[in-house]
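K.L.:
When we follow the working numbering, the leftmost residue of the sequence shown carries the number 278, and every step to the right adds one. Before I ask anything, here is the structure I am working with.
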Amino acid sequence: MIPRTARPPTDARGIRLGARFRQVSVSAEWEVVARFHDHDGIPHVRIRNLCDLGTTKDLACTALLNPRRFRVSE
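In structure tokens form, the structure reads like this:
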């Protein structure tokens, strides 16, 4: 979890395991459970829905850091 005093990450290097994000369009909260690079070298994360732990998504880090899609959860 990101401490309340921490600033939101601004690039893929700033995304940490355990960081939590809230999806803007719905009230789901997601936790970063893995970081990886795809076959083109683009950084991605795997996030897990905290209300349904069996639901995961793989996203490019740029998508997770897009404020129109996700916000850092405090």
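Where a beta carbon is used, it is the ideal one built from N, C-alpha and C, also for glycine.
Have a look at I319 and F347 and give me their C-alpha separation to the nearest angstrom.
P.N.:
When rounded, the distance between both Cα atoms is 19 Å.
K.L.:
Flag this pair as yes or no: are the beta carbons of E308 and R293 separated by less than 8 Å?
P.N.:
Contact: no.
K.L.:
Have a look at R290 and S350 and give me their C-alpha separation to the nearest angstrom.
P.N.:
Computed Cα separation, rounded: 18 Å.
K.L.:
Whose CA, out of T333, A337 and P344, lies closest to the CA of D235?
P.N.:
Only positions 278 to 351 of the chain appear in the structure, and residue 235 is not among them; the question remains open.
K.L.:
In three-state terms, what does DSSP make of L336?
P.N.:
Looking at L336 - three-state DSSP - the assignment turns out to be strand.
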